[in-house]
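Chains as they are written, first to last, in the numbering used here: chain A, 1 to 325; chain B, 326 to 650.
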């Protein structure tokens, strides 16, 4: 069997995760990693590290490119650019801009006979799939999404921008009482502060005023002002030892009822030791689907909503029905 | 907008559930219910109850038939027969015979230009989708499925066949300690008796020997012999008052790891006041997909694995991406 030939664009946490994830796939092979940095500087054991500029030279050598850049500045530029030459999978997660990103990719994919899957991962991604599944089955219900316990990179970055802060890690923590209330089926009304609390581990710069830093964090609009926020000051050493992994996860619930008032509670949840490694596994499974759908002639942009589950499985349809149905 | 025209074949608990489920769908309308009984005997408020023999007269009046018979004897005959004239959705759940049922329907659907979805519902169905999703994303892991707490019709029927039993209801109950062990991520080895216990509420016939009935239930091979089984003897009145609803549900877990030994726990669970009403909602949502896929030219047999989630949603693709992604 011909293996699916994969390229990785960007070598941060997610790119490293994809490299690891590919080791678990029998039907895929890594062709090259593309980076904006000096290829030799990555210290990789893998052979083929390429400068980003070399990317067009790999047309016909790579079936699907997995884009591992960030949603803020990388993907809005890279996804359309790479899609001119290759099928792609990205994890674009700036929710408000998804329709625009979709339209851009759809146009470019159709022009260039390529297929682009956007916004794969676990949220958006698997959590979105739980939402559309639950909503489609039960028209009369209420949705709840909780995130965590996990490290929010966006909130950690926001703390690091506060004057006097040397380093920081922020955990988003779902409130157990609220999760239990949802699970009980009572359909509680939950406000922002009811759903999550935010716990921050902060390393101060020398001479910084702890009270001032704490106040500034807690009053930060959008990020912290609407939440119960707990701030701990710790040493850089302690941060490194106890807060250097990137766990995450969360819950999607739908609490619904029939016309006869029978209640249904649906739940999907994830608990992940490593957010980037799990996201990478999702991207890799969906790269398989992109390869298969493109082979059947599909082009343009798609999301996880457009892909049948059979397309992400390494098993044959017969094996899928026998073992998993 | 033209509504999707639905027929119901069979009017037991599931057929009644589909009738209720259709009340919640804005894009569907019920055309007729087909029954083997005397149409007037059903006491229905709905107008169009038809004898089963009248079914072929509704070609061109119904887009999708939802088959609500049982898997033991009804569906193996009815699904192929009805598929000769109509697109169908069934909830065939005799696992060992799914490949054969698939092949039969695939042949008939392709010959008659119709599309048949088999084995929809929640298990097989939504639980199968969780299994294929979790397995496709994490190649290295262990699967666990727990059922309940809920009424098992098969086990209730088995008790009713015991001499001296007038009526019975059996609850399948997942063992909390085992569910907790799986959730903790330790990947326990669980034997049949570790996963579920079976609680039976039994009404004796007059003069029956309770001890003998209890022994016979507890030693019944396949059904009870391998489990911890609790037997309560109650009155018919009590059975009717406290055990006449059909709740069910369960959990699908996958406990997996990355090559770097980071652990991932995935969970999908359902808690349902009414098993037939929820199953009916699933069948109705998937009837929407069958209609759409057949409209695009698809024929033969399919399972939930072959259907993109976008096809079951009443929302437009743009709304899906905006609201649910």
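Quick reminder that beta carbons are idealized off the backbone N, C-alpha and C, glycines included.
What you are looking at is a predicted structure, and each value in this text was computed from that prediction instead of being measured.
Boundaries of the beta strand (DSSP E) in which residue i is found, first to last residue
i                     : result
residue 35 (chain A)  : 28–35
residue 116 (chain A) : 115–117
residue 228 (chain A) : 228–233
residue 652 (chain B) : Missing from the structure shown is residue 652 (chain B); chain B here goes from 326 to 650 and no further.
residue 511 (chain B) : No beta strand (DSSP E) holds residue 511 (chain B); DSSP gives it neither H nor E.
residue 489 (chain B) : Looking at the DSSP string, residue 489 (chain B) is not in any beta strand (DSSP E), and its letter there is neither H nor E.
residue 632 (chain B) : From DSSP, residue 632 (chain B) is part of no beta strand (DSSP E); its letter is neither H nor E.
residue 142 (chain A) : 141–147
residue 375 (chain B) : 374–376
residue 389 (chain B) : 389–392
Nearest candidate by alpha-carbon position, reference residue i, set the options
i                     : options                    : result
residue 395 (chain B) : B:642, B:363, B:641, B:601 : B:601
residue 88 (chain A)  : A:104, A:100, A:67, A:94   : A:67
residue 629 (chain B) : B:647, B:610, B:640        : B:610
residue 76 (chain A)  : A:252, A:95, A:323, A:59   : A:95
residue 533 (chain B) : B:459, B:490, B:646        : B:490
residue 493 (chain B) : B:503, B:445, B:527, B:469 : B:527
residue 612 (chain B) : B:341, B:336, B:350, B:338 : B:350
residue 470 (chain B) : B:501, B:364, B:566        : B:501
residue 590 (chain B) : B:403, B:456, B:564        : B:456
residue 112 (chain A) : A:294, A:307, A:312        : A:294
residue 442 (chain B) : B:453, B:516, B:454, B:427 : B:427
residue 65 (chain A)  : A:39, A:93, A:250, A:114   : A:114
residue 222 (chain A) : A:235, A:185, A:155, A:240 : A:155
residue 260 (chain A) : B:545, B:594, B:598        : B:598
Range of the contiguous alpha helix (DSSP H) that encloses residue i
i                     : result
residue 584 (chain B) : Where residue 584 (chain B) is concerned, there is no enclosing alpha helix (DSSP H), given that its DSSP letter is neither H nor E.
residue 521 (chain B) : Here residue 521 (chain B) belongs to no alpha helix (DSSP H); instead the beta strand (DSSP E) covers 521–529.
residue 567 (chain B) : 561–567
residue 427 (chain B) : 423–437
residue 405 (chain B) : 399–408
residue 344 (chain A) : In the structure displayed, chain A extends from 1 to 325; residue 344 (chain A) sits before or after that span and is not available.
residue 600 (chain B) : 600–620
residue 649 (chain B) : That residue, residue 649 (chain B), is in no alpha helix (DSSP H); it is neither H nor E in DSSP.
residue 457 (chain B) : 451–462
residue 215 (chain A) : 210–218
CB-CB length for residue i against residue j, believed under 8 Å
i                     : j                     : result
residue 31 (chain A)  : residue 283 (chain A) : Between residue 283 (chain A) and residue 31 (chain A) the Cβ distance is about 16 Å, and since that is not below 8 Å, they are no contact.
residue 447 (chain B) : residue 604 (chain B) : 6 Å
residue 551 (chain B) : residue 518 (chain B) : 6 Å
residue 338 (chain B) : residue 571 (chain B) : 7 Å
residue 196 (chain A) : residue 249 (chain A) : Their Cβ separation, rounded to whole angstroms, is 13 Å, which puts residue 196 (chain A) and residue 249 (chain A) out of contact at 8 Å.
residue 8 (chain A)   : residue 633 (chain B) : Contact doesn't hold; Cβ gap of about 26 Å is too wide.
residue 281 (chain A) : residue 460 (chain B) : Not really, about 11 Å apart at Cβ, beyond 8 Å.
residue 576 (chain B) : residue 592 (chain B) : 6 Å
Under 7 Å by beta carbon: chain E residues contacting residue i
i                    : result
residue 60 (chain A) : Of the protein chains in this structure, namely A and B, none is chain E.
Chain-order list of residues whose beta-carbon lies under 7 Å from that of residue i (same chain, five-residue window excluded)
i                     : result
residue 512 (chain B) : 467, 580
residue 433 (chain B) : 405, 408, 409
residue 162 (chain A) : 213, 216, 217
residue 104 (chain A) : 80
residue 310 (chain A) : 317, 320
residue 179 (chain A) : 146, 251
The ligand SAH heavy atom lying under 7 Å from the CB of residue i
i                     : result
residue 341 (chain B) : The model depicted lacks the ligand SAH and carries no ligand whatsoever.
Own chain residues within Cβ distance below 8 Å of residue i, not counting five before or after
i                     : result
residue 307 (chain B) : Because residue 307 (chain B) is not part of the residues shown, which for chain B are 326 to 650, the question remains open.
residue 326 (chain B) : 352
residue 312 (chain A) : 285, 286, 288, 289
Contacts around residue i, its chain only, beta-carbon distance under 6 Å, and the 5 residues preceding and following it disregarded
i                     : result
residue 152 (chain A) : 170, 172
residue 506 (chain B) : 513
residue 129 (chain A) : 304
residue 190 (chain A) : 178
Residues within the stretch 582–610 of chain B neighbouring chain A, beta-carbon criterion of under 7 Å: 583, 584, 585, 587, 588, 589, 590, 591, 592, 593, 594, 595, 596, 597, 598, 599, 602, 603, 606, 607, 610
Chain-ordered residues of the stretch 452–469 of chain B with a beta carbon less than 7 Å from chain A: 453, 454, 456, 457, 458, 460, 461, 462, 463, 464, 465
Residues within the stretch 424–452 of chain B neighbouring chain A, beta-carbon criterion of under 8 Å: 424, 427, 444, 449, 451
Chain A contacts made by the stretch 610–631 of chain B, where a contact means CB separation under 7 Å: 610, 628, 630, 631
Within 7 Å of chain A by C-beta, residues of the stretch 470–504 of chain B in sequence order: none
Interfacial residues, the stretch 348–359 of chain B to chain A, with Cβ spacing under 9 Å: 348, 349, 350, 351
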